[in-house]
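Participant:
Protein chains: 2
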Amino acid sequence: MSLAFADIEAAARRIAPHAHVTLVMRSRSLDELAGCTIAFKCENFQRAGAFKFRGACNAVWALSDAQAAHGVVTHSSGNHGAALALAAKTRGIAAHVVVPEGAVAAKLAAIRAYGATLHTCAPTLAAREETCARIARETGAALVHPFTNEDVIAGQGTAALELLHETGALDALIAPIGGGGLIGGIAIAAKAMFPQIQLFAAEPEGAADAFESLRRGVRVIDIVPDTICDGLRATFGEINFSLLREYAVEVLPVSDAQTIAAMRLVFERLKIVIEPSSAVALAAILRHRERIARLRVGAILSGGNVDLDHLPW
Amino acid sequence: MSLAFADIEAAARRIAPHAHVTLVMRSRSLDELAGCTIAFKCENFQRAGAFKFRGACNAVWALSDAQAAHGVVTHSSGNHGAALALAAKTRGIAAHVVVPEGAVAAKLAAIRAYGATLHTCAPTLAAREETCARIARETGAALVHPFTNEDVIAGQGTAALELLHETGALDALIAPIGGGGLIGGIAIAAKAMFPQIQLFAAEPEGAADAFESLRRGVRVIDIVPDTICDGLRATFGEINFSLLREYAVEVLPVSDAQTIAAMRLVFERLKIVIEPSSAVALAAILRHRERIARLRVGAILSGGNVDLDHLPW
Chain A
9 MSLAFADIEA AARRIAPHAH VTLVMRSRSL DELAGCTIAF KCENFQRAGA
59 FKFRGACNAV WALSDAQAAH GVVTHSSGNH GAALALAAKT RGIAAHVVVP
109 EGAVAAKLAA IRAYGATLHT CAPTLAAREE TCARIARETG AALVHPFTNE
159 DVIAGQGTAA LELLHETGAL DALIAPIGGG GLIGGIAIAA KAMFPQIQLF
209 AAEPEGAADA FESLRRGVRV IDIVPDTICD GLRATFGEIN FSLLREYAVE
259 VLPVSDAQTI AAMRLVFERL KIVIEPSSAV ALAAILRHRE RIARLRVGAI
309 LSGGNVDLDH LPW
Chain B
9 MSLAFADIEA AARRIAPHAH VTLVMRSRSL DELAGCTIAF KCENFQRAGA
59 FKFRGACNAV WALSDAQAAH GVVTHSSGNH GAALALAAKT RGIAAHVVVP
109 EGAVAAKLAA IRAYGATLHT CAPTLAAREE TCARIARETG AALVHPFTNE
159 DVIAGQGTAA LELLHETGAL DALIAPIGGG GLIGGIAIAA KAMFPQIQLF
209 AAEPEGAADA FESLRRGVRV IDIVPDTICD GLRATFGEIN FSLLREYAVE
259 VLPVSDAQTI AAMRLVFERL KIVIEPSSAV ALAAILRHRE RIARLRVGAI
309 LSGGNVDLDH LPW
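Chains as they are written, first to last, in my numbering: chain A, 9 to 321; chain B, 9 to 321.
(1) Run down chain B in chain order and give the residues with a C-beta less than 7 Å from the C-beta of Gly312/A.
(2) Judging by CA-CA distance, which residue of Thr125/B, Ala134/B and Ser72/B is the nearest neighbour of Leu92/B?
(3) Classify Val281/A: buried if its beta carbon has 16 or more other beta carbons within 10 angstroms, exposed otherwise.
(4) Cβ of Pro30/A within 7 Å of Cβ of Glu17/A?
(5) Beta strand (DSSP E) containing Glu258/B: first to last residue?
(6) Would you call the stretch 149-159 of chain B in contact with the stretch 77-96 of chain B, where contact means no fewer than 3 C-beta pairs closer than 8 Å?
(7) Against Glu40/B, what residues of chain A qualify as contacts under a CB-to-CB distance less than 7 Å, listed in chain order?
(8) DSSP has Thr82/B in a bridge; who is on the other side?
(9) Can you list, in chain order, the residues of the stretch 257-285 of chain A whose Cβ is nearer than 7 Å to any Cβ on chain B?
(10) Following a CB-centred definition, is Ser263/B positioned closer than 6 Å to any heavy atom of the ligand ATP?
(11) Exposed or buried, what is Thr132/A when buried is set at 16 or more other beta-carbons lying within 10 Å of its beta-carbon?
(12) For Val305/A, does the three-state DSSP call read helix, strand or coil?
(13) For Arg304/A versus Leu178/A, is the C-beta spacing smaller than 7 Å?
(14) Taking only beta-carbon positions, decide if Asn87/A is within less than 7 Å of chain B.
(15) Which residues in the same chain have their Cβ closer than 7 Å to the Cβ of Ala287/B, if we skip the five residues on either side of it in sequence?
(16) Within the 7 Å Cβ cut-off, does Phe53/A reach chain B?
(17) I'd like the span of the beta strand (DSSP E) that includes Phe208/B, first residue to last.
(18) Could you check which residue in Cys129/B, Glu138/B and Ala103/B has the C-alpha nearest to that of Ala121/B?
(19) What does Leu31/A reach in chain B if we use C-beta pairs closer than 8 Å?
(20) Using 10 angstroms around the beta-carbon of Asp238/A, count the other beta-carbons present and answer buried if the total reaches 16, otherwise exposed.
(21) Grab me the residues of Asp230/B's own chain with a C-beta within less than 6 Å of its C-beta, minus the 5 sequence neighbours each way, in chain order.
(22) Go ahead and pull the three-state DSSP assignment for Gly165/B.
(23) Using 8 Å as the threshold, is the stretch 192-205 of chain A in touch with the stretch 105-118 of chain A, meaning 3 or more CB pairs across them?
(24) What would DSSP say about His88/B, mapped onto helix, strand or coil?
(25) Between which residues of its own chain and Leu71/A is the CB-CB distance below 7 Å, once the five residues before and five after are set aside?
(26) Tell me whether Val32/B sits in a helix, a strand or coil according to DSSP, three-state version.
(27) Measure the C-alpha to C-alpha separation of Ala19/B and Ala95/B and round it to an integer number of angstroms.
(28) Identify every residue that forms a DSSP beta bridge with Lys49/A.
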C-alpha cells in the first residue's frame, strides 16, 4: 500500500482553497438514544453536497497542467459525478461524467449545472467502464475513478483529519461504505493520529459486499445491490478491500428500514438534510449499540443530495 | 417604550449558560438567485428548535426566586410553548402551556417531553387568554406571554446581537412576523449596533395583520389567519405595533406558495430543515427583490419544528 498519512495531509493542503471545513454537530437527545457520544461530521454541507468533493478536488488538482488540459472523466451514480464536475470547474477544465440509466434526477441536474458533459449508459459496471474508457481514448481525459483512485482516497481522508483536529481523541469512527474510498481514506488519517481508534463501516444489508468479503476472506464482486442507499451500491475495489483489512475495519450491516428511521431522526433532531446513504452510520450505531456503547464516536454524515419529492418515510 | 439595547445585552448574559450560539450560514447559489448576499441565522438549531427559547429563557430567569417558585404559564400554538417548557426545566420550575385544538402534533409532543403540563382550549384568542388567566389564578404561575412580554422581546433580540457580532455591518435584517416579538427585539438590537440598518418583516398574505395595521395606521385585530405558517397566525400586540413604527420596520407580504418554494430551496441548497414560518424571510427576499437587491442581508431562519410526515411540497 503506497498511501500514507502524508498523502492525506498533502490532500488537505491541496483542497483547502476550494473545499469547506464542514460543521461538527452534536445532539444531547441522540446521544441519550444511542448510549454513546456522537460527533457528526456534516459532509452534507460540503460543496456539491457530499464528501465526494474532497477526493475529486484532490484528484483534479494533483494532475499536471499537461494532463489537466485534456479534462477528466469518471462514472458515478451521482455524488462523485457532481463533485468531479465542480472540481473540474474550479480548475477550468472539462469533465465527462458517465451515469447509469435511472440515477437520481436531482443528482444529474447538479452535474449538468456544474458544466460537465453527461454520458448515459446501461446500469452495469461493464457498460460504465467501457464508456469511460472510450471517452478517455477519444478525448485524452484522465480517468478519476470514484473510489479506487489513490488521490480520491487521500482526499476523502481529509474528512477525518478535520473532524479529529476539532474533537481531539475519539474512541471510534464510523462511515458508510459503498466503494470504500471514504472509509479507506479516513482509516489512514485516523489511525495515524490516534492509533487506538476503532474503525467501523456501516453497510446496507442489501449491498453487503464488504461484509461478505471480510467474512469469506476474498473480495466478493457478484452481489446485485438492492438498497435505498443509492450512493452505496458500488462494488468495492481491490485497493479498498486491502485497506479494510490493513486497518482492521469492522463492517456493521443495517437494514433499509433502520436506515430510513435513522435518516428521519437526523432530520428531526439535528434539523439537517441528509441522504439515505449518510444515515447508515447512525443506523449502525443504534443497531449495534453493544459494540459502541459509552464510546466517543465520530460519525461521517456523507451527503445531503436527497430527492425531496420522494423522502422515504 | 421602556425597552432599550441594555435590555438585549442583559438578556444575552442571562441566557448564555442555557441557549446555543447558533450557526450563520451562507450559500453562493442562493445569493445568485436573490441578487444580494444573505447571512442566514439558523435558529432552527436553537434549543427546542426555534428562536423562541431565547425569549422564554430570558423571561424565566428574570423572575425572582419567589415568583419562579409558582412556575410559569403561557399560551402558544407550539414553539413558544416548547421553549417555555424547556426554559422552566432549566430552572427546575413548573410550566403550564395552553394550546389550541389542532396544533401541530410534533410540537405538542415536544412540550410534553420537556415536562410541561398541557391544557387544551378552543382555537380562539379569547379562549386562550381565559384559560391562561384561570391557571395563573389557581397556581400563582407567572404569565409569560409569547410576544408582548418585554423580557421575551428582549430575549428574541439576542438573535440579532449574535448575528451582527459575527457578520459585522449589514444593510438590512429580515425576520418573520407573527406576534411581533422577534422583529421587535431584533430591531432594538440592530438599530443600536448599526443605526443605518433597514428592517424588514416577512408576513404571510393570509395573516397580514401587521401589513394592514401599518397601512391603515391603526392596529388591525380582526383578521382571521389562513396560512400554512402555523407559527405566524397570532394577532400582534400593541407593544409590537409600537416597535414596528418606532423602528420603521417595513412589512413584506408573501404568498404561501412563495413560502413553500423558499422552504424547499432552503432544504435543497442549505441542507437544513426549517418550518414554513421560517421560510417567509427568504420568500420575501425573492419576491421583493427590487427592495433588497445588492444589499448585505441578515435573515433569521426562525425554527425547524416541521411535521416531517406532511412536508408542504
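Glycine included, every Cβ here is placed at the ideal spot set by N, Cα and C.
Facilitator: Let me spell this out:
(1) Lys279
(2) Thr125/B
(3) buried
(4) Residue 30/A is actually Thr in this sequence, not Pro. No; because the gap between Cβ atoms is not below 7 Å, this pair is not in contact.
(5) Glu258 to Val262
(6) yes
(7) Ordered by position in chain A, no residue passes the 7 Å Cβ test against Glu40/B, which lies about 11 Å from the chain.
(8) Val105/B
(9) Arg272, Phe275, Glu276, Lys279, Ile280 and Val281
(10) Because no ligand of any kind appears in the structure shown, any question about the ligand ATP cannot be addressed here.
(11) exposed
(12) strand
(13) yes
(14) no
(15) Apart from the 5 residues on each side of it in sequence, Ala287/B sits with its Cβ closer than 7 Å to the Cβ of Thr267, Ala270, Met271 and Val274 in its chain, given in chain order.
(16) yes
(17) Gln206 to Pro212
(18) Ala103/B
(19) Leu31
(20) buried
(21) none
(22) helix
(23) no
(24) helix
(25) Ala150
(26) Note: Val32/B maps to strand in three-state DSSP.
(27) 13 Å
(28) Val32/A and Ile308/A
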